[in-house]
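For reference, the structure discussed in these notes is given below.
There are 2 protein chains.
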Amino acid sequence: MERKQSSFVILGILAIHPNQTGYEIRKTIEQSVGFFWGESYGQIYPTLKRLVADGLIVASVSGSNTRAGRQEYSTTPDGELRLQEWIAVPYRDDPPRNEFLLKLFFGNDVAPSVSISHIRRFQEKNRSMLMMLLELERQSSGHGSQFPGFPFWMMTLKFGVSQLNASLEWSEAALKMLTEMEARQDSSLRATEAVPPSGDS
Amino acid sequence: MERKQSSFVILGILAIHPNQTGYEIRKTIEQSVGFFWGESYGQIYPTLKRLVADGLIVASVSGSNTRAGRQEYSTTPDGELRLQEWIAVPYRDDPPRNEFLLKLFFGNDVAPSVSISHIRRFQEKNRSMLMMLLELERQSSGHGSQFPGFPFWMMTLKFGVSQLNASLEWSEAALKMLTEMEARQDSSLRATEAVPPSGDS
DNA sequence: ACACACATGTAATTGGTTACATGATTTC
DNA sequence: GAAATCATGTAACCAATTACATGTGTGT
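Respectively, the protein sequence lines represent chains A and B.
Take 1 as the starting number for the first sequence in our numbering and just add one per residue.
Take 202 as the starting number for the second sequence in our numbering and just add one per residue.
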């Protein structure tokens, strides 16, 4: 409880890239840490207000883009400090909850085809995610290497890639096992249901 | 919303292994799906009541173990059906949130040693987790292979193992990169701070 | 003129953890 | 007789998503 993770993502993102609106912050989060972190507007806007009240960020009425209702934010030195403190605190992993694995685990209660389609879906998601990450990696390597944060960004990216590759490898083996299982079931069905062909030799 | 995942873990666990108390259910969850799913008592007990009210499980006053305040539960045919339906519904992955990666991503804002210790901690956790899973796998392969659910349990186990292995491999590379980074920093500090040694040849 | 992206926000609801409280039974 | 484990529960609190509501600017 009372972890306020949302405020720290926002703080961290603004530290890297200041003068962003709530809307932009969300986009940036999606495009940078999106594969391992998500934030909704319902979380971002209230958090921004609280961060301003706490003096960790400031709202400026904008640099060049003067659009009605547009509000840009940046970190204050205080905010920067708080961010650094938070980063240094040992991370805590929240209780794991993987619905995909849970459904697979209970796979014996349903037809093999159900588990197969779960895994197929899993594969597709992983493949497209992997392509996105590789694309991001390719792009970043070009024009991004000038930023001081770059090595760290690459690190998290590579983590994602390695996990996805492992997932995909695993899924191939799992799928093979399940299709064999299904085949066995089908053949046993045939054996009991089908009328044995009369001797036709 | 309204996903009620907790009820389905409980339903699924009771389907595999009936006649368990809330307390036991939690233990079973921990020991079987624990590495990818967690439930707290504050969730389990209220959920059990609701499941009884909905007719998806029944409470029996116990088989042999007649202990005061002890309440055993089992699934009803209805519960079994609902479970199967739920399993067949495409899984939904909840928004990812990995505090470890987030802190790493912001690593440029702190000393390299901070990120290094995060990764060290990550490695330790992964190593002990991996050992637990391998131990579980070893045990199961012996006496567990008789259960019809066995192949599915092994599947999820193997998933965990592959992810952990990938994580550990990645962490070695990441650590190497960071220690090099730290060394460069140290040497540049030395270069500016230290008094150049006078010619001592 | 229309659609789409930009932009901000709130209310309702839920899902969940944590901490607290209590007591029985077993084991040493 | 003390400690650990078994066993059940509730209250407080929080973090978060979703859906709703509203309006501006840009491009076609």
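Beta carbons are placed, not taken as given, at the ideal position from N, Cα and C, and that holds for glycine.
Asked	Found
Chain A contacts made by the region 300-314 of chain B, where a contact means CB separation under 8 Å	Glu-300, Phe-301, Leu-302, Leu-303, Lys-304, Leu-305, Phe-306, Phe-307, Gly-308, Asn-309, Asp-310 and Val-311
B:Gly-243 classed as buried or exposed, judged by whether at least 16 other C-beta atoms fall within 10 angstroms	exposed
B:Glu-370 at chain A interface by Cβ criterion, 8 Å	yes
DSSP three-state assignment for B:Thr-222, whether helix, strand or coil	coil
Among B:Ser-318, B:Gln-347 and B:Tyr-274, nearest to B:Lys-377 - alpha-carbon criterion	B:Ser-318
Chain B within 8 Å of A:Val-33, Cβ atoms only	yes
Continuous beta strand (DSSP E) stretch holding B:Glu-273: start and end	273-276
Amino acids of chain A, ordered along the chain, whose beta-carbon sits closer than 7 Å to that of B:Ile-258	Those do not exist, as B:Ile-258 stays about 15 Å from chain A at its closest Cβ, beyond 7 Å.
Outcome for A:Met-131 when other beta-carbon atoms lying within 10 angstroms are tallied against a minimum of 16	exposed
B:Met-355 vs B:Ser-341 beta-carbon contact at 8 Å	yes
Any alpha helix (DSSP H) of 4 or more consecutive residues that is wholly inside the region 99-151 of chain A	99-105 and 112-143
Range of the contiguous beta strand (DSSP E) that encloses B:Ala-269	First-last for B:Ala-269: undefined, no H or E at that position.
Buried/exposed call for B:Arg-321, threshold 16 Cβ in 10 Å	exposed
Residue interval of the alpha helix (DSSP H) (run including B:Ser-261)	B:Ser-261 -> not in any alpha helix (DSSP H); beta strand (DSSP E) instead, spanning 258-261.
Beta carbon proximity, B:Ser-275 to chain A, threshold 8 Å	no
Residue from B:Gly-235, B:Phe-209 and B:Ala-375 with nearest C-alpha to A:Asp-94	B:Gly-235
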